[in-house]
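One structure is given below, encoded as structure tokens.
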Amino acid sequence: IVTNKRQVAADKFFKGLFETSLKDGEIITAVTFTAPAKAAYEKFRNPASRYAIVGVFVAKGKDGVSVAVTGAGDDGVFRSKEIEAALAKNFAASALDGVKVSAKNLMTDLHASADYRANLIAVMAKRAVATANA
83 IVTNKRQVAA
93 DKFFKGLFET
103 SLKDGEIITA
113 VTFTAPAKAA
123 YEKFRNPASR
133 YAIVGVFVAK
143 GKDGVSVAVT
153 GAGDDGVFRS
163 KEIEAALAKN
173 FAASALDGVK
183 VSAKNLMTDL
193 HASADYRANL
203 IAVMAKRAVA
213 TANA
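Quick look at the structure:
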């Protein structure tokens, strides 16, 4: 993330739900990133609003594998280190068989419990990897 005053890595930019590291008077002027070799985003939508109850972005590039999760965390977007570790060994949906995502720090609301969101993260990650490999 490039601002009028500095450059910030994406994983340092997002501080929580609806919160960033922007300071007073700082304006985003550009977003730059290295294009991954493979990438995809899959989300499980709320049927009424269409917002993501859980969304998972997977990317494989020269620097490794990144997995970002949206819509599920108590504190906003986050990276899933356990899914990244599994996909770093084998970037295939089957690499996620048996991977358990912790429900800790996931939100619960009238649409989905934390446990349900944890399961959805694994399911959406598998779908995203399958899409990226298609």
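Going by my numbering, 205 is the number at position 123 of the sequence shown; the sequence numbering is gapless. Even glycine gets a Cβ: it sits at the ideal position worked out from N, Cα and C. No experiment lies behind these values; they were computed from the predicted model shown.
In the DSSP assignment, find the alpha helix (DSSP H) that holds residue i and state where it starts and stops.
| i | result |
| --- | --- |
| K208 | A196 to N215 |
| Y165 | Inspection of the sequence shows that residue 165 is occupied by Ile rather than by Tyr. I165 -> alpha helix (DSSP H) spans K163 to K171. |
| A92 | A92 to F95 |
Which residues in the same chain as residue i place their Cβ atom closer than 7 Å to its Cβ, once the five residues preceding and following it in sequence are excluded?
| i | result |
| --- | --- |
| K94 | S103 |
| A154 | V136, L188, M189, R199 and I203 |
I'd like the list of long-range same chain contacts for residue i, defined as Cβ closer than 6 Å, with 5 residues on each side in sequence excluded.
| i | result |
| --- | --- |
| S162 | V149 and V151 |
| A194 | I135 |
| A121 | A141 and A214 |
| D156 | N187 and M189 |
| A91 | none |
Bridge partners for residue i per DSSP, in chain order?
| i | result |
| --- | --- |
| F115 | According to DSSP, which records beta bridges pairwise, F115 is partnered with nothing at all. |
| E108 | Beta-bridge pairing links E108 to no other residue. |
| K142 | K120 and V147 |
| L178 | Beta-bridge pairing links L178 to no other residue. |
| L192 | Partner(s): none; L192 has no beta bridge. |
| K125 | G137 |
Count the other CB atoms within 10 Å of the CB of residue i; is the residue buried (16 or more) or exposed (fewer)?
| i | result |
| --- | --- |
| I203 | buried |
| V84 | exposed |
| I110 | exposed |
| A112 | exposed |
| F126 | buried |
| F100 | exposed |
| A207 | buried |
What residue range is occupied by the uninterrupted beta strand (DSSP E) comprising residue i?
| i | result |
| --- | --- |
| G158 | G158 -> no beta strand (DSSP E), and no H or E assigned at all. |
Take residue i and list the residues in its own chain whose beta-carbon comes closer than 8 Å to its own, dropping the five residues that flank it on each side.
| i | result |
| --- | --- |
| T116 | G143, K144 and D145 |
| V211 | A122, V140, L169, F173, A174, A175, A177 and L178 |
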